[in-house]
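4 protein chains.
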Amino acid sequence: MAGPYTVAAICGSLRRDSWNRKLMNAAIARAPAALAIAEVPIGDLPLFNEDLERDPWPDAVLAAGAALRAADAVLVVTPEYNASVPGPLKNALDWLSRKTSAGPAPMNGKPVALIGATPGLMGTARAQAQVRQALQNLSLPVLPGPNVFVTQAATRFDDSGALTDEMTLKMLDTLLERFVNWIERNRVGG
Amino acid sequence: MAGPYTVAAICGSLRRDSWNRKLMNAAIARAPAALAIAEVPIGDLPLFNEDLERDPWPDAVLAAGAALRAADAVLVVTPEYNASVPGPLKNALDWLSRKTSAGPAPMNGKPVALIGATPGLMGTARAQAQVRQALQNLSLPVLPGPNVFVTQAATRFDDSGALTDEMTLKMLDTLLERFVNWIERNRVGG
Amino acid sequence: MAGPYTVAAICGSLRRDSWNRKLMNAAIARAPAALAIAEVPIGDLPLFNEDLERDPWPDAVLAAGAALRAADAVLVVTPEYNASVPGPLKNALDWLSRKTSAGPAPMNGKPVALIGATPGLMGTARAQAQVRQALQNLSLPVLPGPNVFVTQAATRFDDSGALTDEMTLKMLDTLLERFVNWIERNRVGG
Amino acid sequence: MAGPYTVAAICGSLRRDSWNRKLMNAAIARAPAALAIAEVPIGDLPLFNEDLERDPWPDAVLAAGAALRAADAVLVVTPEYNASVPGPLKNALDWLSRKTSAGPAPMNGKPVALIGATPGLMGTARAQAQVRQALQNLSLPVLPGPNVFVTQAATRFDDSGALTDEMTLKMLDTLLERFVNWIERNRVGG
Numbered sequence: 007m008a009g010p011y012t013v014a015a016i017c018g019s020l021r022r023d024s025w026n027r028k029l030m031n032a033a034i035a036r037a038p039a040a041l042a043i044a045e046v047p048i049g050d051l052p053l054f055n056e057d058l059e060r061d062p063w064p065d066a067v068l069a070a071g072a073a074l075r076a077a078d079a080v081l082v083v084t085p086e087y088n089a090s091v092p093g094p095l096k097n098a099l100d101w102l103s104r105k106t107s108a109g110p111a112p113m114n115g116k117p118v119a120l121i122g123a124t125p126g127l128m129g130t131a132r133a134q135a136q137v138r139q140a141l142q143n144l145s146l147p148v149l150p151g152p153n154v155f156v157t158q159a160a161t162r163f164d165d166s167g168a169l170t171d172e173m174t175l176k177m178l179d180t181l182l183e184r185f186v187n188w189i190e191r192n193r194v195g196g
Numbered sequence: 007m008a009g010p011y012t013v014a015a016i017c018g019s020l021r022r023d024s025w026n027r028k029l030m031n032a033a034i035a036r037a038p039a040a041l042a043i044a045e046v047p048i049g050d051l052p053l054f055n056e057d058l059e060r061d062p063w064p065d066a067v068l069a070a071g072a073a074l075r076a077a078d079a080v081l082v083v084t085p086e087y088n089a090s091v092p093g094p095l096k097n098a099l100d101w102l103s104r105k106t107s108a109g110p111a112p113m114n115g116k117p118v119a120l121i122g123a124t125p126g127l128m129g130t131a132r133a134q135a136q137v138r139q140a141l142q143n144l145s146l147p148v149l150p151g152p153n154v155f156v157t158q159a160a161t162r163f164d165d166s167g168a169l170t171d172e173m174t175l176k177m178l179d180t181l182l183e184r185f186v187n188w189i190e191r192n193r194v195g196g
Numbered sequence: 007m008a009g010p011y012t013v014a015a016i017c018g019s020l021r022r023d024s025w026n027r028k029l030m031n032a033a034i035a036r037a038p039a040a041l042a043i044a045e046v047p048i049g050d051l052p053l054f055n056e057d058l059e060r061d062p063w064p065d066a067v068l069a070a071g072a073a074l075r076a077a078d079a080v081l082v083v084t085p086e087y088n089a090s091v092p093g094p095l096k097n098a099l100d101w102l103s104r105k106t107s108a109g110p111a112p113m114n115g116k117p118v119a120l121i122g123a124t125p126g127l128m129g130t131a132r133a134q135a136q137v138r139q140a141l142q143n144l145s146l147p148v149l150p151g152p153n154v155f156v157t158q159a160a161t162r163f164d165d166s167g168a169l170t171d172e173m174t175l176k177m178l179d180t181l182l183e184r185f186v187n188w189i190e191r192n193r194v195g196g
Numbered sequence: 007m008a009g010p011y012t013v014a015a016i017c018g019s020l021r022r023d024s025w026n027r028k029l030m031n032a033a034i035a036r037a038p039a040a041l042a043i044a045e046v047p048i049g050d051l052p053l054f055n056e057d058l059e060r061d062p063w064p065d066a067v068l069a070a071g072a073a074l075r076a077a078d079a080v081l082v083v084t085p086e087y088n089a090s091v092p093g094p095l096k097n098a099l100d101w102l103s104r105k106t107s108a109g110p111a112p113m114n115g116k117p118v119a120l121i122g123a124t125p126g127l128m129g130t131a132r133a134q135a136q137v138r139q140a141l142q143n144l145s146l147p148v149l150p151g152p153n154v155f156v157t158q159a160a161t162r163f164d165d166s167g168a169l170t171d172e173m174t175l176k177m178l179d180t181l182l183e184r185f186v187n188w189i190e191r192n193r194v195g196g
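Protein chains in written order, with this note's numbering: chain A, 7 to 196; chain B, 7 to 196; chain C, 7 to 196; chain D, 7 to 196.
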């Protein structure tokens, strides 16, 4: 059997009670046996600035980078702000695509999967497309589908924050299952 | 005669010696009489987080917002990171598209123009396209052209950081001239 | 009073009973007094091929080009195929952005507005974004908003094909009203 | 050893002497032993129209579909028109993503690689991004990199139309080598 693979989850919303945090937690909770998903927080990263790329590198960049490097794959959980990628998420990807004093670019070669939620009807289709454009340019293997575009998020979770919508659960499970196979095939050395 | 209009310039690169900062400075220096361009710094903004949207709002958000609101128009100067919009720039746009405790969304109704520079051949075509997608969704009138895509930036400036490339100067001047007319036609109350 | 302005409508779906054709017909029917909207058919255009750009140009290209040139503005009505711009629509835009033996590029300088409908939830957000990217590169002034993204099209029209959904009618009317003002401000010579 | 795999090449330019046709021919000529690349012409396809999706289907659609279905993978060779995907190429992808009277959607499950050439500096970066968006939505595994963006095409080929630029040859060879491995890992049943 494949794995288990460690997956670093990056949540593009910094709000404590965000729908995307709840969606990330659902992915963590429902991960199949072959995946161990854990969050790598990005809220303490400074705004990307090449002038900070010198010893000592910012602690938060080194910490997030080390956590990413140690993972086999990455799960990006993204909201959509202004029909596009959230600033804090892009900021994290900009840092994590740079080699640091501690080693090569943390994202290097990592298989990636994307999921996201919006209060409205778009379900992060446009934000995910922009994240894909950035990751493609890094030559990363991003799981092509299924699209997990969680629409009308307020109707998909219960009061405790648990994902309860049947259709969404099914899509999420399908994505996670395919992600195992995708990591197996496309990881470095795979 | 139209104007003079005040233009808030936002530079997407935080690096002190960035090509985009030099490009912004060239725009400031060459502004026609009808435009007064001044930078609104974005490097002190926190990462966007809805949990911070309560009294007291972060000082840096209120300060940048006030400067934007006071301007007639906005000039976005953007590098391109990972074939897409820079995180710090998107972070600023995400904040500045939200109404604050001090008033309506600072970007509201502002005519916008875009310029950008890269060390390589792309000249920020893809970053500008993503910025346009965000601004369009805010229903803002963004100057359609000309494209100011400054390629191979290291060859366009002199040692003092001044823009010296003839073709680039000409394109920049053309954009600034058209921007005057664009602001005149498309500003709120215009 | 402004206008009346003539508007060439291009429908990206060639299917006779398409939702987008019905949407275009609704725009034609509800046009304010300052707009006269009429379709310019694109179904007879050959596939774009530079080898055909010589005398005699294809009749269908010359005919569509003449109709566009005679119009003050353009309304693009687009479905979304494969999360992106429909081939037949892009084919028409590729032809109509070229100067022909009969004169300058037919799209030159035309103010444009976009609307679109899908059976599902996306409402052509991604197709419209791609159309905008093409038109921006032509330096055309495209109405920034409101977004007319008609979702779940089957629920918005009656059996006769008339648009009956209140919210959609309201958005369409708002767009058409703003388009009058947009044409007034941004047309060549305006 | 893997393969040999058959690869259907689709050229987005219909012009006989196009740079992209020459680039496609270079790929055919330099294909490693594990790849057999052959063109599937798209110039005879009608404009996409759902009303034509009934018996008898257009001959050209059935012919292109059969050729695609018989291939293990697809190589898309694209120019860039108006900063975006060419109409004729998108038209082909729209047809080939539909199931026909002769069987499932011809593109189904095919690994894809992209290359492209422009006379100017963009090298089809924006056209390829749009093609990727369409193929991603079909859940197809598209080779993430390297980017083969052939810029200033007139300087890369000799008078006979052969690709002679060393850097471009190297990038093309790298892409073709990686494509073999990509097909091996990501084809249906792979």
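Backbone N, C-alpha and C fix where the C-beta goes; we use that ideal spot for every residue, glycine too. Small disclaimer: the values here were computed from a predicted structure and weren't measured.
Asked, Found
"Using only alpha-carbon positions, find the residue among A:R21, A:A133, A:A69 that is nearest to E86 (chain A).", "A:A133"
"At a cut of 8 angstroms, does the region 173-188 of chain A reach the region 136-146 of chain A through at least three beta carbon pairs?", "no"
"Under 8 angstroms, CB to CB, which of the residues in the region 123-144 of chain B have a partner in chain D?", "L127, M128, G129, A131, R132, A135"
"Helix, strand or coil: how does DSSP classify I189 (chain B) here?", "helix"
"Could one say the Cβ of P85 (chain B) lies closer than 8 angstroms to chain C's Cβ atoms, at least one of them?", "no"
"State yes or no: is the beta carbon of T174 (chain A) nearer than 8 angstroms to at least one beta carbon in chain C?", "no"
"Helix, strand or coil for L181 (chain A) per DSSP?", "helix"
"Comparing C-alpha positions only, which one of C:T124, C:G109, C:Q136, C:S107 sits nearest to L99 (chain C)?", "C:Q136"
"Within a Cβ cutoff of 6 angstroms, which residues of the same chain sit near D171 (chain B), ignoring the five residues on either side of it in sequence?", "R162"
"For the beta strand (DSSP E) containing I48 (chain B), list its first residue and its last residue.", "Where I48 (chain B) is concerned, there is no enclosing beta strand (DSSP E), given that its DSSP letter is neither H nor E."
"Closer than 7 angstroms by C-beta to P62 (chain D): which residues in its own chain qualify, once you throw out the five before and the five after it? Chain order, please.", "none"
"With 16 as the cutoff for other CB atoms within 10 Å, does N187 (chain C) come out buried or exposed?", "exposed"
"Could you tell me whether the Cβ atoms of A108 (chain A) and A131 (chain A) are closer together than 8 angstroms?", "no"
"Of all the CB atoms in chain A, is at least one closer than 8 angstroms to the CB of R21 (chain B)?", "yes"
"Quick check: the Cα distance between N26 (chain C) and I34 (chain D), rounded to an integer number of angstroms?", "41 angstroms"
"What are the start and end residues of the alpha helix (DSSP H) that includes G71 (chain C)?", "65-76"
"Taking the Cβ atom as the reference point for each residue, do A77 (chain A) and P125 (chain A) lie within a distance shorter than 8 angstroms?", "no"
"When you compare only the Cα positions, how much space is there between A119 (chain A) and A44 (chain A)?", "14 angstroms"
"Using a cut-off of 7 angstroms between C-beta atoms, extract the partners of R191 (chain C) located in chain B.", "R191, N192"
"At a Cβ threshold of 8 angstroms, is L146 (chain A) touching chain D?", "yes"
"For a contact defined as C-beta to C-beta under 9 angstroms, what are the partners of T157 (chain D) on chain B?", "L127"
"Any beta-carbon of chain C closer than 8 angstroms to the one on L120 (chain D)?", "no"
"Can you name the residues of chain G whose CB is closer than 8 angstroms to the CB of V46 (chain B)?", "Going by chain labels, chain G is absent from the structure shown, which instead holds the protein chains A, B, C and D."
"List the residues of chain A that G151 (chain D) touches, going by C-beta distances under 9 angstroms, in chain order.", "Q142, N143, L144, S145, L146"
"Below 8 angstroms on the Cβ atoms is my guess for V67 (chain A) versus L51 (chain A); work out the distance and round it to an integer in Å.", "6 angstroms"
"Terminal residues of the continuous alpha helix (DSSP H) containing A35 (chain C)?", "25-36"
"Would you kindly check if the distance between the Cβ of A32 (chain B) and the Cβ of P10 (chain B) is under 8 angstroms?", "no"
"Taking 8 angstroms as the threshold (C-beta atoms), are L181 (chain A) and I121 (chain A) in contact?", "yes"
"Quick check on DSSP: helix, strand or coil for A137 (chain B)?", "Before going on, a small fix: residue 137 (chain B) reads as Val here, not Ala. In this structure, V137 (chain B) counts as helix in the three-state DSSP scheme."
"Report the three-state DSSP secondary structure of G195 (chain B) (helix, strand or coil).", "coil"
"I'd like to check one pair, A8 (chain C) with E190 (chain C): are the Cβ atoms closer than 8 angstroms?", "yes"
"Does the beta-carbon distance from L95 (chain C) to T84 (chain C) come in below 8 angstroms?", "yes"
"Grab the span of the beta strand (DSSP E) containing L95 (chain D) for me, first residue to last.", "Not the beta strand (DSSP E): L95 (chain D) falls in the alpha helix (DSSP H), residues 93-102."
"Secondary structure at T161 (chain A), three-state DSSP: helix, strand or coil?", "helix"
"Residues of the region 97-116 of chain C in Cβ contact with chain D at a cutoff of 9 angstroms, in chain order, please.", "N97, A98, L99, D100, W101, S103"
"Shorter than 8 angstroms from the beta carbon of L68 (chain C) to some beta carbon of chain D?", "no"
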